[in-house]
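Asks: Numbering (the working numbering), first residue to last: -4 to 330. Pasting a structure here, questions to come.
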Ligand code: GZL
């Protein structure tokens, strides 16, 4: 009897063990199988170093870049706000390198001072895409491409509007609100404008100072211009719309009519500028496209696929002059 009981006990014990192992293995196999069904594809990771929040144009570009993961489920975006400091942008690039992102996007606040950190990115085999502003580096292979506008052409288009309006032999006094000192957008917009008036010797830029692309500083500098030059000023050339809006405020507070007593010309094409032009307070806008998120995505995908990119992907842009053009364009403006 005892043997029978013992045999029965051993049988039960063996059965129990088999079941446990079976479950275990089935659960582990189900675990294995579930893990095999749960494999996730690796996302394309873009690290983007933004300049800051100095203008409506900049906010539009930031929104366009931050929208990338919403429009591309296979892309992860790491976004850094440089708060107007190059050192913050350099630190962000180093952080992206440490995180081994696939592509670095950079809107460089100024043109120079990037060689060292871009060399670190190159050594880490991480391509860099420049967005909206360019850099001056010793080795052009330190970045894959520049996606942005032809600022010299923008400056020239503004100059052409002014010389067409006043004519060849008019004596015209101009004040200039420059963008951020050292930024390619400011340097080249000034270059383009000066090139555009070089054959008009009676056109003079009587004052030129940076308003740092901001509305507040643009107003402050325009107040100083009005204090020193007053009604001598015939034209305000602002490197961006935000500074032009500040200038408009200063001119109205000074008691003159912007767009009538003083001609206002600027670059960007933000909605506020179109509203002002529709109201006759500004006279000419050269568009500068901030909606560059999709082009950053395309460049990142092409780089990931091993393609070589054009060194400059130029934005195509329009110009607008006068209230009727502004009213017609306003409904379609996207930023
Ligand atoms: C242009 C961009 C400039 C805009 C400004 O690509 O860098 O910076 O014209 C912005 O509005 O602040």
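Glycine included, each C-beta is placed from N, C-alpha and C at the ideal position. Because the structure is a prediction, the values reported are computed rather than measured.
Looking only at DSSP bridge pairs, what is residue 307 linked to?
Replies: Locating residue 307 in the chain shown gives position 312, where the first residue counts as 1. Answer by DSSP bridge pairing, in chain order: 141.
Asks: With 16 as the cutoff for other CB atoms within 10 Å, does residue 263 come out buried or exposed?
Replies: To locate residue 263, count along the chain shown from 1; it is residue 268. Its Cβ being crowded by 16 or more others within 10 Å, residue 263 is buried.
Asks: I think residue 78 touches residue 44, with their Cβ atoms under 8 angstroms apart; what is that distance to the nearest whole Å?
Replies: Mapped onto the chain shown, residue 78 falls at position 83. Mapped onto the chain shown, residue 44 falls at position 49. Their Cβ separation, rounded to whole angstroms, is 11 angstroms, which puts residue 78 and residue 44 out of contact at 8 angstroms.
Asks: Going by Cα to Cα distance, which pick from 307, 86, 247, 213 is closest to residue 232?
Replies: The residue you call residue 232 lines up with position 237 of the chain shown. When only C-alpha atoms are compared, the closest one is 213.
Asks: For residue 66, count neighbouring Cβ atoms within 10 angstroms of its own Cβ and tell me buried if that reaches 16, exposed if not.
Replies: As a first step, residue 66 is located in the chain shown; it is residue number 71 there, counting from the start. The residue is exposed, with fewer than 16 neighbouring Cβ atoms inside 10 Å.
Asks: Mapping the DSSP letters down to three states, classify residue 12 as helix, strand or coil.
Replies: Walking along the chain shown from the start, residue 12 turns up at place 17. Only weak support is given to the placement of residue 12: the predicted model assigns it a pLDDT of 43, under 50, and the value that follows is read from those uncertain coordinates. Looking at residue 12 - three-state DSSP - the assignment turns out to be helix.
Asks: For residue 307, count neighbouring C-beta atoms within 10 Å of its own C-beta (all shown protein chains included) and say buried if the count is 16 or more, exposed if not.
Replies: Residue mapping note: residue 307 aligns to position 312 of the chain shown, counting from 1. Its Cβ having fewer than 16 others within 10 Å, residue 307 is exposed.
Asks: Give every residue of the same chain whose Cβ lies closer than 6 angstroms to the Cβ of residue 73, excluding the five residues on either side of it in the sequence, and list them in chain order.
Replies: Taking the chain shown and counting its residues from 1, the one referred to as residue 73 is at position 78. Here the set comprises 42.
Asks: To test your reading of the DSSP string, which unbroken beta strand (DSSP E) runs of 3 or more residues are found completely within the region 208 to 296?
Replies: Counting only runs of 3 or more, we get 230 to 233, 258 to 263, 279 to 282.
Asks: Say the cut is 6 angstroms; is the CB of residue 52 nearer than that to a heavy atom of the ligand GZL?
Replies: Along the chain shown, one-based indexing puts residue 52 at 57. Result yes, Cβ under 6 angstroms from the ligand GZL.
Asks: According to the Cβ coordinates, are residue 108 and residue 126 closer than 7 angstroms?
Replies: Position 113 of the chain shown holds residue 108. Position 131 of the chain shown holds residue 126. Not in contact: residue 108 and residue 126 (Cβ atoms no closer than 7 angstroms).
Asks: Shorter than 6 angstroms, the distance from the beta carbon of residue 49 to the closest heavy atom of the ligand GZL, or not?
Replies: Sequence index remark: in the chain shown, residue 49 carries index 54 (1-based). True, at least one ligand heavy atom lies under 6 angstroms from that Cβ.
Asks: Give me the DSSP bridge partner(s) of residue 123.
Replies: Residue 123 sits at position 128 when you count from the first residue of the chain shown. According to DSSP, residue 123 bridges with 99.
Asks: Just mark residue 323 as buried or exposed, buried being the case when its beta carbon has 16 or more other beta carbons within 10 Å.
Replies: Here residue 323 refers to the residue found at position 328 when the chain shown is read from its first residue. Exposed.
Asks: Compare the Cα-Cα distances from residue 207 to each of 80, 196, 70 and report the closest residue.
Replies: As a first step, residue 207 must be located in the chain shown, where it is residue number 212. Of the listed residues, the one whose Cα sits closest to residue 207 is 80.
Asks: Cutting at 7 angstroms between CB atoms, please list the residues of its own chain near residue 21, excluding the five before and the five after it.
Replies: Your numbering for residue 21 matches position 26 in the chain shown. Note on residue 21: pLDDT 34, under 50, position unreliable in the model; the coordinate value appears next. Excluding sequence neighbours, residue 21 sits near nothing in its chain.
Asks: Since I believe residue 321 is in contact with residue 273 (beta carbons under 8 angstroms), could you give me their beta-carbon distance rounded to a whole number of angstroms?
Replies: Residue numbering aside, residue 273 sits at position 278 when the chain shown is read from its first letter. Residue numbering aside, residue 321 sits at position 326 when the chain shown is read from its first letter. Residue 273 to residue 321, Cβ: 4 angstroms. Contact.
Asks: What's the C-alpha gap between residue 198 and residue 139?
Replies: As a first step, residue 198 must be located in the chain shown, where it is residue number 203. As a first step, residue 139 must be located in the chain shown, where it is residue number 144. Each residue's alpha carbon lies about 40 angstroms from the other.
Asks: State the beta-bridge partners of residue 172 as determined by DSSP.
Replies: Residue numbering aside, residue 172 sits at position 177 when the chain shown is read from its first letter. The partner list for residue 172 (beta bridge, DSSP) reads 204, 233.
Asks: Ends of the beta strand (DSSP E) at residue 74?
Replies: Within the chain shown, numbered from 1, the residue matching residue 74 stands at position 79. Looking at the DSSP string, the run of the beta strand (DSSP E) that includes residue 74 is 70 to 76.
Asks: For the ligand GZL, I want to know if residue 263 counts as a neighbour, meaning its beta carbon is within less than 6 angstroms of at least one of the ligand's heavy atoms.
Replies: Start at 1 with the first residue of the chain shown, and residue 263 comes out as number 268. Answer for residue 263: yes, Cβ within range of the ligand GZL.
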